[in-house]
Every structure is written in C-alpha cells, then in structure tokens.
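Q: Below you'll find the structure I mean.
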Amino acid sequence: MIHCAIRIDDSRWQDWLPALAASQRLDGFECDAGNFNSQAFVNAVTKHNLHCLHARDLLPGDSAAILTHAVEHDAMGALRRNLFDAMVYAAPAETAVFSLQLRLDRCAEADFPAQSLRLASFLQSLLDAPLDTPYAIAIQVRQPLPFPQSLEWQRAIAICGIANSSRIGLCLHFHPDDFTAAPRLEPTKLLAECADKIHAICFHYNPLAGETLFDDEQQEWAALLMQQNYSGLVTFCPEVNASSNPADLCEDAESWADFYRAS
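Position one of the sequence shown corresponds to residue 1 (the numbering used here), numbered consecutively onward.
Structure representation (structure tokens):
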C-alpha cells in the first residue's frame with residue numbers, strides 16, 4: 001500500500017496540523033526532524049492523532065560533514081547517539097522514514113570507495129534505534145541532479161548496495177518544473193534503475209509561482225509504482241509562505257493522493 005503525505009510549513013505548524021487533521025484522505029505529514037525537539041509540537045501531533053510519515057534532515061544543517069571526518073569510533077558513536085535521541089523524540093508520531101542529506105558530491109573520487117563503506121556502516125548502525133514501530137533510513141537524492149556533473153545519484157545507489165538492507169534506501173526529491181533546463185528523466189527509466197531502493201518520493205512544486213502537479217503525470221507515477229508493488233511513501237511538497245492556505249493545499253494533495261489508492 002502506498003501512503004501519501006503533505007509537507008507542512010515547519011514555521012507555521014500551529015496552522016498546518018489542524019488543517020491536516022481535518023483532511024480525510026492523507027495518511028500523515030512530512031516535516032523537519034528538528035521539529036520534534038519542541039514538546040509543544042509533539043503534544044500537538046499527539047492531540048490531533050497525526051502520523052509523521054517522513055522526518056527529513058535527520059542530520060541538521062551542514063553536520064553531514066562530520067561523517068567525513070569522524071573516523072574515530074567514539075566520535076561516530078556520539079553522533080549515532082545524538083541521532084537516536086532525535087528519532088526517539090519522533091516516536092510518538094510513528095515516523096516511518098527518516099531521511100538524511102549526506103552531501104555525496106563533496107567527496108573526492110579517490111576517497112569515495114572508503115567513504116562509501118564508512119557511510120554504509122553508519123547507516124546500518126541507525127537501524128538499531130530503540131523504537132517500537134518499524135522505520136527505514138533513506139539517503140536524500142534529487143532529480144534533476146543538483147548540477148550536470150553531480151555524482152550524488154550513483155553514489156547513493158552504491159551505498160545502498162553496500163548496506164544491503166531493505167530498510168536502507170533512497171528518498172527521491174523530484175522537481176518536475178526544474179527539467180526545463182535539463183533532459184527530462186522519464187519515470188519508467190528512473191524506476192527501472194532504483195524502484196527497489198526507494199522508500200519515499202517527494203514531489204516538489206511552487207504554487208507561489210503558479211506551479212502545480214499535473215493530474216496526468218501523477219496518474220502515470222501512480223500506475224508505475226503500483227506495477228512495481230511499491231509500498232513506500234509519496235509526499236507532496238509545496239513551496240509556501242505566510243499567506244499560503246494550509247486547507248487549500250491539503251485539498252490539492254488529497255486529490256492527487258486518490259490516484260495512489262486506485263485499484
């Protein structure tokens with residue numbers, strides 16, 4: 001079964017959570033993992049009986065660089081304990097996927113073989129968090145690529161192969177409107193390469209600039225994912241500001257979520 005969520009505005013969660021609770025056809029929400037450091041946020045999520053399907057940026061800010069240098073066992077252990085704490089804070093929301101940005105393009109070509117082993121081992125260690133509900137760990141990747149020479153995509157897939165766990169995979173951030181300056185990657189080709197590794201697909205669009213997700217494209221994605229027996233997450237990620245109406249955006253997301261529930 002495919003579960004559908006919407007990304008909430010982390011700075012306006014007080015407005016977004018009630019709107020999401022009023023929706024009928026979304027399974028939960030996506031937010032920054034750092035939100036769970038706020039007890040008020042956790043209390044509100046619990047009050048509205050909501051589920052955080054995807055907590056992104058488990059490694060906050062630029063701290064992914066720590067992984068490149070934290071070669072000592074003690075340093076890696078301390079980092080893992082900090083991430084476990086963040087995951088435990090999110091436990092009341094029954095978070096299904098924790099994703100993190102590994103800044104894979106920053107690693108020199110000659111250093112990547114050793115770095116990939118280290119990163120795969122580190123991701124494997126995150127599977128031992130003391131949580132009562134099942135969860136997966138996902139490496140954030142982007143399509144189209146961040147820049148033409150980016151190696152992020154193949155490096156993330158390589159790390160997943162080394163980690164060799166069904167609970168370690170990819171979180172695909174898909175930006176349909178950014179393909180105007182890049183060759184469009186067809187969903188069939190993309191899924192043929194990595195469907196078995198994807199745990200979450202995040203569709204980005206900017207209503208503030210008049211962008212939307214087109215029904216026919218969402219129907220195509222839904223049909224292809226169902227053919228692949230995909231059981232991960234689909235998240236709708238609008239760009240928002242203080243004037244955005246959460247109820248309206250949830251309503252749009254519900255209409256697309258229906259495609260992923262069609263038999």
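Note that CB positions come from ideal geometry on N, CA and C, so glycine has one too.
Between which two residues does the alpha helix (DSSP H) holding S121 run?
A: For S121, the enclosing alpha helix (DSSP H) has its first and last residue at F112 to S125.
Q: What runs of the beta strand (DSSP E), each 3 residues or longer, lie entirely inside the stretch 1-85?
A: 3-7, 28-32 and 52-56
Q: Curious, which full-length beta strand (DSSP E) runs of at least 3 residues does the stretch 187-217 contain?
A: 198-205
Q: Helix, strand or coil for A90 per DSSP?
A: coil
Q: Closest by CA to A22, which one among D258, R261, D248 and H54?
A: D248
Q: Take T95 as the anchor and find which of L233, N241, P238 and V240 has the nearest alpha-carbon.
A: L233
Q: Since A192 and A222 should fall inside the 8 Å C-beta cutoff, what is the C-beta to C-beta distance between them, to a whole number of angstroms?
A: That pair is no contact at about 17 Å.
Q: Give the DSSP bridge partners of I139, in chain order.
A: L100 and L170
Q: Taking the alpha carbon of R81 as the reference point, which residue from L59, G210 and F179 has its own alpha carbon closest?
A: Just measuring C-alpha positions, the residue of L59, G210 and F179 sitting nearest R81 is L59.
Q: In chain order, what residues of the same chain lie with their CB nearer than 6 Å to the CB of L100, ignoring the 5 residues before and after it?
A: L58 and L59
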